[in-house]
Amino acid sequence: MILCIDIGNTNIKYAICDKEEFKATFRVETDHKRTSDEYGSQLVNILKIANIPLDQLTGAIISSVVPSLDYTIERMCGVYLKIQPLRVAPGLKSGLNIRCDDTREVGADRIVNCVSAIVSHGKAGVPLIVVDFGTATTFNVISEKDEFIGGVIAPGIKGSLDSLVNGTAKLPRVEIEAPKSAIAKNTVTNMQAGIVFGFAGLVEYIVKKIKKELGRPDAITIATGGFSNIISKEIGCIDQVDKLLTLKGLRYLYYLNRPEE
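The sequence shown begins at 1 in our numbering and counts up by one.
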């Protein structure tokens with residue numbers, strides 16, 4: 001079995017994979033102040049609860065957008081799992097052609113999502129649009145030749161809500177869910193309407209504009225990330241929701257680079 005680790009700005013997501021099967025998936029809060037020992041003891045306890053022996057893990061792969069935690073998590077893998085993990089970084093074989101001004105600017109999570117979308121949802125000759133509702137909302141565009149050709153980075157849903165609450169004196173923190181009506185009757189549903197319907201409109205317009213620029217109204221749109229289900233229910237431009245897209249991509253990349261396993 002292998003351990004897939006996706007280090008994001010808000011959460012660190014883990015998956016235990018046995019070839020094509022996910023044995024367990026879980027997430028913990030990203031905390032820059034935690035040490036490798038703290039992350040390690042946390043992981044060991046979670047694996048114990050999931051009834052997964054440490055000695056059954058034979059490999060690991062890490063995708064990270066938080067450079068300050070890279071060494072911490074790598075050391076955790078070495079000390080607690082006795083594993084030297086692979087990292088999604090220059091030099092790791094991905095099979096993805098990146099057609100951007102500077103390939104070094106493309107985040108590891110975006111590369112993994114693109115590879116995963118091609119492998120899991122791609123159709124020959126059809127472009128893909130991958131929308132990731134994470135700390136930021138990213139749109140990744142993959143051409144009909146399976147090339148990453150660019151995209152969009154927009155504010156994240158939770159960050160936008162935090163900004164609204166922290167920047168005002170009387171607005172409360174609310175659950176992110178769709179209200180019954182856009183004409184809301186109280187403060188809570190007013191805020192929910194603004195966040196959910198506002199982001200639904202943002203996604204719908206950007207996807208429409210990308211398809212127009214591609215000249216491909218048939219482009220397949222895949223959504224992933226924490227709020228993908230909520231937003232996709234409000235619009236018709238999302239073809240598929242895949243909450244495990246990033247972890248599936250990490251699993252694929254591990255075996256691509258370690259075919260003997």
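Don't be surprised by glycine CBs; every beta carbon is placed ideally from N, CA and C.
(Q) I'd like to know whether the C-beta atoms of residue 169 and residue 196 end up nearer to each other than 9 Å. (A) The sequence position of residue 169 within the sequence shown is 169, counting from 1. The sequence position of residue 196 within the sequence shown is 196, counting from 1. Between residue 169 and residue 196, the C-beta gap is not smaller than 9 Å, which leaves the two residues out of contact.
(Q) Suppose the cutoff is 8 Å on Cβ atoms and the five residues either side in sequence are ignored; what does the same chain contact list for residue 100 look like? (A) As a position in the sequence shown, residue 100 is number 100, starting the count at 1. Cβ neighbours of residue 100 beyond the five flanking positions: 106, 148, 149, 150.
Q: Would you decide whether residue 90 is buried or exposed? Buried here means 16 or more other CB atoms lie within 10 Å of its CB.
A: Walking along the sequence shown from the start, residue 90 turns up at place 90. Exposed, because fewer than 16 other Cβ atoms sit within 10 Å of the Cβ of residue 90.
**Q.** Integer-rounded CB distance, given that residue 131 should sit under 8 Å from residue 200
**A.** On the sequence shown, residue 200 is found 200 positions in, with the first residue counted as 1. On the sequence shown, residue 131 is found 131 positions in, with the first residue counted as 1. Taking the Cβ atoms as the reference, residue 200 lies roughly 11 Å from residue 131, outside the contact range of under 8 Å.
Q.
Looking at the strands, I want to know which residues DSSP matches up with residue 150.
A. If you number the sequence shown from 1, residue 150 lands on position 150. Answer by DSSP bridge pairing, in chain order: 141.
(Q) Quick check: residue 77 and residue 249, are their CB atoms within less than 9 Å of each other? (A) Within the sequence shown, residue 77 is the residue found at index 77, counting from 1. Within the sequence shown, residue 249 is the residue found at index 249, counting from 1. Cβ atoms of residue 77 and residue 249: not closer than 9 Å.
Q: Using the DSSP secondary-structure output, state which residues sit across from residue 29 in a beta bridge.
A: What you label residue 29 is simply residue 29 of the sequence shown in a count that begins at 1. According to DSSP, residue 29 bridges with 11.
Q.
Assuming residue 95 and residue 256 are in contact, meaning their beta carbons sit under 8 Å apart, how far apart are those beta carbons, in whole angstroms?
A. Taking the first residue of the sequence shown as position 1, residue 95 is located at position 95. Taking the first residue of the sequence shown as position 1, residue 256 is located at position 256. That pair is a contact at about 7 Å.
Q.
Taking the beta carbon of residue 74 as the centre, do at least 16 other beta carbons fall within 10 Å, making it buried, or is it exposed?
A. Sequence index remark: in the sequence shown, residue 74 carries index 74 (1-based). Classification for residue 74: buried.
Q. For the alpha helix (DSSP H) that residue 91 lies in, which residues bound it at each end?
A. Against the sequence shown, residue 91 aligns to sequence position 91. Element bounds for residue 91: n/a, residue is neither H nor E.
Q.
Can you determine whether any heavy atom of the ligand ZN sits closer than 8 Å to the C-beta of residue 115, and answer yes or no?
A. Judged by which ligands are present, the structure shown has none, so any question about the ligand ZN falls away.
Q: Determine the extent of the beta strand (DSSP E) in which residue 128 is found, giving its start and end residues.
A: For the purposes of this step, residue 128 is identified with residue 128 of the sequence shown, where counting begins at 1. From DSSP, the beta strand (DSSP E) with residue 128 extends over 128 to 133.
**Q.** DSSP three-state assignment for residue 24, whether helix, strand or coil
**A.** Here the question's residue 24 lines up with position 24 in the sequence shown. Reduced to three states, the DSSP call for residue 24 is strand.
Q: State the start and end residues of the unbroken beta strand (DSSP E) segment that holds residue 59.
A: Indexing the sequence shown from 1 puts residue 59 at position 59. Segment 59 to 64, the beta strand (DSSP E) holding residue 59.
Q: Please state whether DSSP places residue 5 in a helix, a strand or coil.
A: As a working mapping, residue 5 is identified with position 5 in the sequence shown. Three-state DSSP puts residue 5 in a strand.
Q | Enclosing alpha helix (DSSP H) for residue 35 [first to last residue] | A | Along the sequence shown, read from residue 1 onward, the residue named residue 35 stands at position 35. If you look at residue 35, you'll find it isn't in any alpha helix (DSSP H); DSSP assigns it neither H nor E.
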